[in-house]
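Residue numbers (this note's numbering), protein chains in the order written: chain A, 10 to 304; chain B, 10 to 304; chain C, 10 to 304; chain D, 10 to 304. Inspection log for the structure reproduced underneath, given as structure tokens.
Protein chains: 4
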Amino acid sequence: MSQVELAHLNSCSKDDFVAALANIFEYSPWIAEKVAGARPFGGIKALFEAMKAAVERAPADLRLALIKAHPDLANKTQRAAGLTVDSTAEQNSIGLDRLSEGEYRAFERVNNAYRAKFGFPYIVCVRRQTRDSILRDFERRLPNDAATEMQASVEEICRIAALRLDQQVISDDRLAVHGRLSTHVLDTHCGKPAAGIAIELVELADLGASRVVTRAVTNADGRTDQPLIGGRPVPIGRYELNFSVGAYFSERNVPMSDPPFLDHIPLRFAVSEPEGHLHVPLLVTPWSYATYRGS
Amino acid sequence: MSQVELAHLNSCSKDDFVAALANIFEYSPWIAEKVAGARPFGGIKALFEAMKAAVERAPADLRLALIKAHPDLANKTQRAAGLTVDSTAEQNSIGLDRLSEGEYRAFERVNNAYRAKFGFPYIVCVRRQTRDSILRDFERRLPNDAATEMQASVEEICRIAALRLDQQVISDDRLAVHGRLSTHVLDTHCGKPAAGIAIELVELADLGASRVVTRAVTNADGRTDQPLIGGRPVPIGRYELNFSVGAYFSERNVPMSDPPFLDHIPLRFAVSEPEGHLHVPLLVTPWSYATYRGS
Amino acid sequence: MSQVELAHLNSCSKDDFVAALANIFEYSPWIAEKVAGARPFGGIKALFEAMKAAVERAPADLRLALIKAHPDLANKTQRAAGLTVDSTAEQNSIGLDRLSEGEYRAFERVNNAYRAKFGFPYIVCVRRQTRDSILRDFERRLPNDAATEMQASVEEICRIAALRLDQQVISDDRLAVHGRLSTHVLDTHCGKPAAGIAIELVELADLGASRVVTRAVTNADGRTDQPLIGGRPVPIGRYELNFSVGAYFSERNVPMSDPPFLDHIPLRFAVSEPEGHLHVPLLVTPWSYATYRGS
Amino acid sequence: MSQVELAHLNSCSKDDFVAALANIFEYSPWIAEKVAGARPFGGIKALFEAMKAAVERAPADLRLALIKAHPDLANKTQRAAGLTVDSTAEQNSIGLDRLSEGEYRAFERVNNAYRAKFGFPYIVCVRRQTRDSILRDFERRLPNDAATEMQASVEEICRIAALRLDQQVISDDRLAVHGRLSTHVLDTHCGKPAAGIAIELVELADLGASRVVTRAVTNADGRTDQPLIGGRPVPIGRYELNFSVGAYFSERNVPMSDPPFLDHIPLRFAVSEPEGHLHVPLLVTPWSYATYRGS
């Protein structure tokens, strides 16, 4: 999936334009065809809005076909038969290719129950989700009526498309599809940013094993050099940040109890806005700590 | 092990006195015999100090015999053959009768390594410990020389004796053998104590399963009706307190994200002073929290 | 105003009973007379409720006379002519005898404006107020109609009476007329209660000078031996608590900047419930602090 | 004092160079003369270091003359006779032209005592100080011996020179003479940055009146558009930040007590590192708040 400049897309042949964007919407080159005549686009936002409008204005049967063009989530048979490159990458990104047995069964149940009720697959933009949040979302959506779910599916499809477009098309403007999760450790015992604190971010899972998302060490400013999650949506879900403060204070010869009152501090929180900036700082002494949702 | 009034011990026959206190020190009635002539005792503290002094002033071989009179920790063969009622209750109180396979092997290793080096059993006052802290303590003590460990063993034996005496003898004064672990939840969103918060105290274990110590619900004052641990030493070890704040704020219709930013808040801390008063409060809004070692 | 046992009031002659309670309601012995026949009273609460009911059930002209029997607040002429002992003590307790020029004029304006509109004096239970809150209360009450203010005056009169009764009559039960203001300093730098911190409680005033209410030093538990305000209502108003933390940390050789980042920490807050228990703790390191409304 | 490009200073005539920098060191063009031959300078840092080295390597009598070329602080007679434009601007910037009577007398005492002991004026780089810190600094320096104070004076003179150079010479690099004081308000009641909070920064003074340094209102990110102090050293001294949180929560219809428990929150702190970045945030609900030294 090589990247392409918007300027090129604006000036190339219609065929090349459609070919380049054929799979922004899964197996649905007709959407790129629909908007090719509206070129040139002033930016990626304008391009995306045009494609989205094409979907929304399409006849109902075409929208339904678009929905049905999507694969099930975590379906082994379909995976064996082959998904699009995009779908495979998306599903793998949240671990749908390596589910626990319990998770696998839960996804199978979801797919079947949803398809049995609505006649089309359960679609969700997985890059904005964790395995847990997908399963919870399903519980929320299953009771809906078909019209509501048609609408919800189109919204999820547009979110998938926006992320694919963001990865594929280079433009001066950006789609608002990225979020950020960051932290900051203030050592309020000595009044300075805490440097050298080992941090681990874990995605919590109800059914399968919790999964380490990333590890990092705080720099001289008490922050991590890179955001814990950045340059992509922050998946909706529950997380635990672990801070190794015992080792930090011990190395600085700060008097502590034995065993240290605080050693590995867990902050457990949920992400609900994948495109938002979520800052989860830690203010800490060997005997106290505080956190809050920052921005 | 029925309780007995100090006044009665002061006035009964020497034989009855010795019989009543025969097992305060494991299988060692000679200590009660030694102090019987010093009656009457003004209080349980005076009685304990007299018994402790008798041990400390005893010839080295007698002290060694006292040490050797103690059973190994978590030794299945010895347990099958029968321990004293006190030893059984003590070992069971921290779960030495239901260890995981990994823990069992670890204790076996500890007992054998210690006995191989020193020629007497590894003794620790288990009511002041968790399984984890006993194993960590062993790592700290094994490098010591025999004299240091003789001394350490006698100290642990006196701690065991103090707790047995405290349970058995009723007196106006009390031995300082009890600690307390308490909590308090302040809802700083509405400026009031948080009532109705479900709390769970878990003892963390490196080798075996973590174990729920107690569950409670905060009362109108944001506290638990009983201390989380009280009327006994607070075992040295690592703990996690869990507070169900998501349900609490949800019931009060406080606006929250979905899923709630904070739902189950874990406070992870260690206890290092079994006879101390440790207060671990939580100040909480749906978006922030703080804790500290209080008193 | 010597204290008297309720038991005595229950058994003495009607004349003695009325004499003892003649001024519970300002210059209005008829209220005591009214309830004398209902003796014996089971407690001071029952006695107070009976007196209050007598006022509320009295004909409107009698209630108006009761209201008019009260002096103006801070009126020099009336003070020169002589107030009841109770009124004098009450007014002096909040400094109405030593107002700044600005405050004196403000009170004069309040008295005159109120009397001009309603034809009776502006009455407020001053022991539950500060000079500031009385003046603010006036702004809130002046727009009311006469019926509302008759009712408000009676309520204030009953509050005055309850406090006089509480001071004068000894009973097993107590009227709920006392509040409490307390503090607690936790040193989260070393994880212990902060002992030896000098504290000053100041009542803030808009028009006159702020006034030191009390000074104290924290004890080994980080608390003050006596509540900052206790055994009386906590006057509605704005306060500042000052904690000398710079000296505290300096004496403990804690590394600090020069000048210390934190030296005298002011906590500024308002009291709104004179009969409540208000706890204003301080969690502090040389580089951070936190406070909250506790209970 | 128009600004000049370093490139121009590097290429102009020696006379123009000396003229341009004649008063970087008070009445001491010889320092510019001394370094003119070392041109071109790679940056303003190199220029400053050269001038500083020229001072430090100058014969003692020349250094003493440089010291004596400086005016007293807040000396009315000297001011009437005329100071350099720089000295006037510097002294006025911290209010030495509008001292209270008490402050004026204190400065007079300082000047006289210092000159009496050392034979030269008391010199301090006033742009890094408040009136209070200058007076406190004097108490610290007066007991020193003459050599120490010669050295201290030269250091202060170099700090004055660095700031003058920074204002006058445009270069790609910058001297590290600027600090920053900033704040951030997090509303932990609703989990968002607090927008629209009125803030007042006050410089506290022991002898004279406290002085409002700046007023600002928090923006959508809970910060002020400009740092509270920036683009200059943050004067050493004691400050109070006031946050109008009562109005903020009231406008958002957050339930509060009457009067509000928290209305105007004062944070009182000291600045000790004029070139540092000091961040003083506020985490606040209507019932709690916290602050810490951030960075």
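Backbone N, C-alpha and C define an ideal beta-carbon position, used for all residues, glycine too.
Which stretch, first to last residue, makes up the beta strand (DSSP E) that contains E249(D)? Along the fourth sequence, read from residue 1 onward, the residue named residue 249(D) stands at position 240. According to the DSSP assignment, E249(D) belongs to the beta strand (DSSP E) that extends over 246 to 253.
What do you get for R137(D), buried or exposed, if any count of 16 or more other CB atoms within 10 angstroms of its CB means buried? Translated into positions along the fourth sequence, residue 137(D) becomes position 128. It is buried - the Cβ of R137(D) has at least 16 other Cβ atoms within 10 Å.
Separation of G51(A) from S180(A), as counted between CA atoms: On the first sequence, residue 180(A) is found 171 positions in, with the first residue counted as 1. On the first sequence, residue 51(A) is found 42 positions in, with the first residue counted as 1. Rounded to whole angstroms, S180(A) to G51(A) spans 9 Å at the Cα level.
Would the beta-carbon of V261(C) fall within 8 Å of that of P275(D)? The count along the third sequence starts at 1 and reaches residue 261(C) at position 252. The count along the fourth sequence starts at 1 and reaches residue 275(D) at position 266. Before going further, note that residue 261(C) is Arg rather than Val in the sequence given. Not a contact, by the Cβ cut-off of 8 Å.
F127(C) at chain A interface by Cβ criterion, 8 Å: Counted from its first residue, the third sequence places residue 127(C) at position 118. Output row for F127(C): interface = no.
Residues sharing a beta bridge with G239(C), DSSP: Taking the third sequence and counting its residues from 1, one reaches residue 239(C) at position 230. Note: G239(C) sits in a beta bridge opposite R189(C).
Establish whether the CB of L292(D) and some CB of chain B are separated by less than 8 Å. Here residue 292(D) refers to the residue found at position 283 of the fourth sequence. Yes, its Cβ sits closer than 8 Å to a Cβ of chain B.
Taking C-beta pairs closer than 9 Å, name the residues in chain B that D230(C) reaches, listed in chain order. For the purposes of this step, residue 230(C) is identified with residue 221 of the third sequence, where counting begins at 1. The contacting residues are S304.
Using a Cβ-Cβ cut-off of 8 Å, state whether Y248(A) counts as contacting chain B. Numbered from its first residue, the first sequence carries residue 248(A) at position 239. So, not an interface residue.
So if I threshold CB-CB distances at 9 Å, which residues from the region 171 to 205 of chain B count as touching chain D? Within the region 171 to 205 of chain B, the residues whose Cβ lies closer than 9 Å to some Cβ of chain D are L195, D196, T197, H198, C199, G200, K201, listed in chain order.
According to DSSP, Q138(B) sits in a beta bridge with which residue or residues? Locating residue 138(B) in the second sequence gives position 129, where the first residue counts as 1. Per DSSP, I245(B).
Assuming the contact rule is C-beta atoms closer than 8 Å, S102(D) and S281(C) should be a hit. Round their C-beta distance to whole Å, please. In the fourth sequence, residue 102(D) corresponds to position 93, counting from 1. In the third sequence, residue 281(C) corresponds to position 272, counting from 1. 43 Å between Cβ atoms; not a contact.
In the region 249 to 278 of chain D, which residues sit with their C-beta less than 7 Å from some C-beta in chain B, listed in chain order? Per Cβ criterion, the list reads F270.
Does the distance from the C-beta atom of Y123(D) to that of Y131(D) stay below 8 Å? Within the fourth sequence, residue 123(D) is the residue found at index 114, counting from 1. Within the fourth sequence, residue 131(D) is the residue found at index 122, counting from 1. Yes; because the gap between Cβ atoms is below 8 Å, this pair is in contact.
Taking C-alpha atoms, which residue in G200(A), A125(A), A55(A), P264(A) lies nearest to T300(D)? Numbered from 1 along the fourth sequence, position 291 holds the residue referred to as residue 300(D). Shortest Cα-Cα distance from T300(D) to any of G200(A), A125(A), A55(A), P264(A) involves G200(A).
Beta-carbon separation of E249(B) and V221(B) under 8 Å? Taking the second sequence and counting its residues from 1, one reaches residue 249(B) at position 240. Taking the second sequence and counting its residues from 1, one reaches residue 221(B) at position 212. No, the pair does not count as a contact, with Cβ atoms beyond the cut-off.
Relative to chain D, which residues along the region 88 to 117 of chain B have a C-beta separation below 8 Å, given in chain order? Answer set for the region 88 to 117 of chain B: empty.
In angstroms with no decimal places, state the Cα-to-Cα distance between R315(A) and V119(B). Residue 315(A) cannot be examined here, being either before or after the span of chain A that is shown, 10 to 304.
When V263(C), L174(C), E164(C) are compared against I76(C), the one with the closest alpha-carbon: As a first step, residue 76(C) is located in the third sequence; it is residue number 67 there, counting from the start. For the residues V263(C), L174(C), E164(C), the minimum Cα distance to I76(C) belongs to E164(C).
Contacts around A279(A), its chain only, beta-carbon distance under 6 Å, and the 5 residues preceding and following it disregarded: As a first step, residue 279(A) is located in the first sequence; it is residue number 270 there, counting from the start. Answer for A279(A): R247, listed in chain order.
Applying a beta-carbon distance threshold of less than 8 Å, which residues of chain B neighbour P295(D)? Indexing the fourth sequence from 1 puts residue 295(D) at position 286. Result: G200.
Which value, in whole angstroms, describes the spacing of the CA atoms of V135(D) and P242(D)? On the fourth sequence, residue 135(D) is found 126 positions in, with the first residue counted as 1. On the fourth sequence, residue 242(D) is found 233 positions in, with the first residue counted as 1. Taking the straight line from one Cα to the other gives about 10 Å.
With H, G and I counted as helix, E and B as strand and the rest as coil, what does DSSP make of R220(C)? Translated into positions along the third sequence, residue 220(C) becomes position 211. Residue state, collapsed to three classes: strand.
How many Å lie between A156(D) and H17(D) at the Cα? The residue labelled residue 156(D) in the question sits at position 147 within the fourth sequence. The residue labelled residue 17(D) in the question sits at position 8 within the fourth sequence. Each residue's alpha carbon lies about 38 Å from the other.
Taking only beta carbons into account, state which residues of the region 142 to 160 of chain B come closer than 8 Å to chain A, listed in chain order. Correct list: S142, R145.
How is D196(D) classed by DSSP in three states: helix, strand or coil? Taking the fourth sequence and counting its residues from 1, the one referred to as residue 196(D) is at position 187. In this structure, D196(D) counts as strand in the three-state DSSP scheme.
Counting only Cβ pairs nearer than 7 Å, list the residues of chain B close to A299(C). As a first step, residue 299(C) is located in the third sequence; it is residue number 290 there, counting from the start. What A299(C) touches in chain B: A299.
Can you give me the C-alpha to C-alpha distance between R232(A) and S20(A), rounded to a whole angstrom? Counted from its first residue, the first sequence places residue 232(A) at position 223. Counted from its first residue, the first sequence places residue 20(A) at position 11. Near 44 Å, if we compare the C-alpha coordinates of S20(A) and R232(A).
If you follow the alpha helix (DSSP H) that Y123(C) is part of, which residue opens it and which one closes it? Against the third sequence, residue 123(C) aligns to sequence position 114. Element bounds for Y123(C): 110 to 127.
Name the DSSP bridge partner or partners of S297(B)? Position 288 of the second sequence, counting from 1, holds the residue named residue 297(B). S297(B) pairs with Y301(A), T294(B).
Contacts of S162(A) in chain B (Cβ-Cβ under 9 Å): Here residue 162(A) corresponds to residue number 153 of the first sequence, with the count starting at 1. The contacting residues do not exist; S162(A) stays about 20 Å from chain B at best.
If I measure Cβ to Cβ from E14(B) and keep anything under 6 Å in the same chain, skipping five residues before and after, which residues do I get? Sequence index remark: in the second sequence, residue 14(B) carries index 5 (1-based). If we look at E14(B) and ignore the five residues flanking it on each side, its Cβ neighbours are I179.
By the three-class DSSP mapping on this structure, what secondary structure does H79(C) have? As a first step, residue 79(C) is located in the third sequence; it is residue number 70 there, counting from the start. Under the three-state reduction of DSSP, H79(C) is assigned to coil, being neither helix nor strand.
Output the distance between the C-alpha atoms of R88(B) and N32(B), rounded to the nearest integer angstrom. Walking along the second sequence from the start, residue 88(B) turns up at place 79. Walking along the second sequence from the start, residue 32(B) turns up at place 23. Rounded to whole angstroms, R88(B) to N32(B) spans 17 Å at the Cα level.
Can you tell me whether S96(A) is buried or exposed? The criterion is at least 16 other CB atoms within 10 Å of its CB, across all chains shown. Your numbering for residue 96(A) matches position 87 in the first sequence. By the 16-neighbour rule on beta-carbons within 10 angstroms, S96(A) is buried.
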